[in-house]
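Asks: What follows is a structure written as structure tokens; I'll ask about it next.
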Amino acid sequence: MLQDIDYTPEAAQFILTVRAESSPFSPINYSEFKDLTQKWRRASGMKGKPVPEELKKAAEVLIRIRGEIDSLQKAVAEEEAKLIEAEVLPEAATKKRDELRVALHRAEAELERVQTNYDAILARYKHGG
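For the record, in the sequence shown the residue sitting at position 54 is 54 according to the working numbering, with numbers rising by one throughout.
Here you go:
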């Protein structure tokens, strides 16, 4: 993506290898990075293709769903840690874990749907469709 702002492939690789780090100001996804680089290109007098709002919104939903899945996975693991594996547990003891698992599976299914939608929007953007 550094090549989008006219770095050579070698220079871009060097920068990413030496200088890449996490920052609260770093773009969180491809769409945000692409939007920043395209704005920079236009501000520098180069041609730049604006990133559509549809793509930005789809990326935001994708990030939100991934965060929900991470939280649910942690909650399921915490709930399972409270349960004793060797015993047959009464339904009341496993109810919360089972509810969390259902919520997790629903979130994972939603992630698949949202990811497919995002990929389609991104492909249209990249290929001018």
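Glycine is no exception: its CB is placed at the ideal position from the N, C-alpha and C atoms.
It should be emphasised that the depicted structure is a prediction, and the values quoted were computed from it without experimental measurement.
Where does G48 sit, in a helix, a strand or coil, going by DSSP?
Replies: Of the three classes helix, strand and coil, the one that applies to G48 here is coil, per DSSP.
Asks: DSSP on T8, reduced to helix/strand/coil?
Replies: Reduced to three states, the DSSP call for T8 is coil.
Asks: What does the Cβ neighbour count give for D206, buried or exposed, with the cut at 16 atoms within 10 Å?
Replies: Absent from the model: residue 206. The displayed extent of the chain is 1 to 129, so no value can be given.
Asks: Enumerate in chain order the residues of its own chain whose CB-to-CB distance from I69 is below 8 Å, with the five nearest sequence positions on each side excluded.
Replies: L104, A107, E108 and L111, listed in sequence order.
Asks: Could you compute how far the alpha carbon of R124 sits from the alpha carbon of I28?
Replies: Roughly 21 Å between the two C-alpha positions.
Asks: Taking A58 as the reference, give the member of K49, V76, Y30 and K47 with the closest Cα.
Replies: Here the closest residue by C-alpha is Y30.
Asks: Please state the DSSP three-state secondary structure of H127.
Replies: Coil at H127, not helix or strand.
Asks: Mark D35 as exposed unless 16 or more other C-beta atoms lie within 10 angstroms of its C-beta, in which case mark it buried.
Replies: When all chains shown are included, D35 counts as buried.
Asks: Roughly how many angstroms lie between the CA atoms of K56 and I84, to the nearest whole one?
Replies: Going from the Cα of K56 to the Cα of I84 covers about 44 Å.
Asks: Measure the CB-CB distance between G48 and Q38 and report whether it falls below 7 Å.
Replies: Closer than 7 Å, so yes.
Asks: How big is the Cα-Cα spacing for E53 and L122?
Replies: Rounded to whole angstroms, E53 to L122 spans 11 Å at the Cα level.
Asks: Can you tell me which of the three DSSP states S26 falls into?
Replies: Three-state result, S26: coil.
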